[in-house]
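Peer 1: Mind looking over this structure? Questions follow.
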Amino acid sequence: MRLLTTIALLSLLALLTAPPLCAQVTFGPSGEEGEPLRRQQWRVPSPDTDIAAHALLFRPAGAGPFRLAVIAHASTQNGLRRAQMPQPEYRALAAYLVARGFAVLVPERLGHGATGGRYVEDQGGCDEADYARSGRVTAEEIRLALEHLRKQDFIRKDAAIVIGHSAGGWGALALADADPKAISAIAVFAPGRGGHANDEPNRICAPHTLLAAAAEFGKAARIPVTWLVAANDSYFAPAFSQKLVDAFRGSGGKAEFRSLPAVGSEGHWMIETEAGVKAASGELARAVNQRGPMATKKSWDHR
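Residue numbers (the working numbering): 1494 to 1796.
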């Protein structure tokens, strides 16, 4: 009898302390605006309906409506590094875009930092790497955040842009099949997955699988892509990035590729710095001025 009583009490305790099955997940601003650039914490949808992804929003003065820019951050296969990742901000890039009239959203994806949750964009190990799947999942995370912001009164419903960095750029490439009226242009900085395999510079995990996935993304692409990489990028060096661009284009994607001058000690992180944004400003200006399907008729190649 005592055992049954104990089991009953433990069961009741578990019931009382368990989170509610229908816990309300709320989206939208979660703090006051601050400086600089009207910086504000937001919560946006994620693929896990029980988790709101953390995000930062920056915007110009006034009521808008503003064009929207979404910045998709880099990632890592290392779970500890992901958990410890500070909230992505890209402040220099955000300032560049706000000065040009954009509201800028920087969403943190599942499995990273304060957002937490399961890492849904896992690419798998080298032998069984599925870069196409991981890119599509990342694209879906970007899309969910973008669509939520497009519902806000201060955001225009058309001509958004997506800027992706590394794994975030890889997801942005997978998103190039979206409606060109909703997203007018995509800019990517050293997009890819599997770089620095085993933490070794200039070593890529399953490069042929990555190339095949780039071709798969290009086949469905409808949005023009500006593809940028620094000369001293040791994750996806310009020579290999050119192969990725060729694969993307070869199946129908439209892309302008440019290798930029070396920035800092590791060019892969250039877009996180003021110097990197300055080095890329000319190409970024052309990308943000893309206005949809007409811009896809021609592609350029700067080496």
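Glycine is no exception: its CB is placed at the ideal position from the N, C-alpha and C atoms.
Alpha carbons only, please: which of E1614, A1588, S1758 is nearest the one belonging to L1530?
Peer 2: A1588
Peer 1: Would you kindly work out how many angstroms separate the C-alpha atoms of E1525 and Q1533, rounded to a whole number?
Peer 2: 6 Å
Peer 1: Roughly how many angstroms lie between the CA atoms of A1703 and L1737, to the nearest whole one?
Peer 2: It should be pointed out that residue 1703 corresponds to Leu in this sequence rather than to Ala. Cα-Cα distance, rounded: 8 Å.
Peer 1: According to DSSP, is P1700 helix, strand or coil?
Peer 2: Residue state, collapsed to three classes: helix.
Peer 1: Can you check whether the CB of G1604 is closer than 8 Å to the CB of R1575?
Peer 2: Cβ distance < 8 Å, so R1575 and G1604 count as in contact.
Peer 1: At 3 residues or longer, and completely inside the stretch 1555-1579: list those beta strand (DSSP E) runs for me, N to C.
Peer 2: You should have 1560-1565.
Peer 1: If L1668 and I1679 are in contact, beta carbons under 8 Å, what's the gap, nearest whole angstrom?
Peer 2: 7 Å
Peer 1: Since I1648 and G1775 are thought to touch, with beta carbons under 8 Å apart, how far apart are those beta carbons, to the nearest angstrom?
Peer 2: So it is not a contact: roughly 27 Å between Cβ atoms.
Peer 1: Rounded to a whole number of angstroms, what is the C-alpha to C-alpha distance between E1709 and I1656?
Peer 2: 20 Å
Peer 1: Who are the Cβ neighbours of V1591 in its own chain at under 7 Å, not counting the five residues just before and after it?
Peer 2: Closer than 7 Å at Cβ, skipping near neighbours: L1530, F1551, R1552, P1553, V1597.
Peer 1: Going by the beta-carbon positions, is the gap between N1695 and S1727 smaller than 8 Å?
Peer 2: yes
Peer 1: What span of residues does the alpha helix (DSSP H) with H1641 cover, start to end?
Peer 2: 1624-1643
Peer 1: DSSP on R1742, reduced to helix/strand/coil?
Peer 2: helix
Peer 1: So, for A1622: in the same chain, excluding its five sequence neighbours on each side, which residues have a beta-carbon less than 7 Å away from its beta-carbon?
Peer 2: Q1616, G1687, C1698, A1699, T1702
Peer 1: Using 8 Å as the threshold, is the C-beta distance between P1540 and E1634 below it?
Peer 2: yes
Peer 1: Quick one, are the C-beta atoms of V1537 and H1689 less than 8 Å apart?
Peer 2: Their beta carbons are not under 8 Å apart, which means V1537 does not touch H1689 by this criterion.
Peer 1: Mapping the DSSP letters down to three states, classify K1790 as helix, strand or coil.
Peer 2: With a pLDDT of 36 at K1790, under the threshold of 50, the predicted position of this residue should be treated as unreliable, and no value is reported.
Peer 1: Judging by CA-CA distance, which residue of K1712, A1732, N1691 is the nearest neighbour of S1752?
Peer 2: Among K1712, A1732, N1691, the Cα nearest to that of S1752 belongs to A1732.
Peer 1: Terminal residues of the continuous alpha helix (DSSP H) containing R1552?
Peer 2: First-last for R1552: undefined, no H or E at that position.
Peer 1: Just to confirm the assignment: which complete beta strand (DSSP E) runs, minimum length 3, are found wholly within the stretch 1652-1740?
Peer 2: List check, beta strand (DSSP E) in window: 1653-1658, 1676-1682, 1718-1723.
Peer 1: When the distance is taken between beta carbons, is H1761 closer than 8 Å to A1683?
Peer 2: Yes. Within cutoff.
Peer 1: For R1649, does the three-state DSSP call read helix, strand or coil?
Peer 2: coil
Peer 1: Is R1584 helix, strand or coil when you go by DSSP?
Peer 2: helix
Peer 1: Mind checking which residues open and close the beta strand (DSSP E) that includes V1537?
Peer 2: Counted as a single uninterrupted DSSP element, the beta strand (DSSP E) harbouring V1537 occupies residues 1533-1537.
Peer 1: Quick check: what's the CA-CA separation for R1611 versus I1544?
Peer 2: Taking the straight line joining both Cα atoms gives about 10 Å.
Peer 1: On the premise that A1585 lies in contact with E1759, defined as a C-beta separation below 8 Å, what is that separation, rounded to the nearest angstrom?
Peer 2: E1759 to A1585, Cβ: 16 Å. No contact.
Peer 1: Given that a residue counts as buried once 16 or more other Cβ atoms are within 10 Å of its Cβ, and exposed if not, what is A1714?
Peer 2: buried
Peer 1: Can you list, in chain order, the residues of its chain with a C-beta nearer than 7 Å to that of D1670? Leave out the 5 residues immediately preceding and following it.
Peer 2: These residues qualify, in order along the chain: A1713, A1714, R1715.
Peer 1: V1599 and L1549: beta carbons closer than 8 Å?
Peer 2: yes
Peer 1: Taking the beta strand (DSSP E) that V1599 belongs to, which residues open and close that run?
Peer 2: 1595-1600
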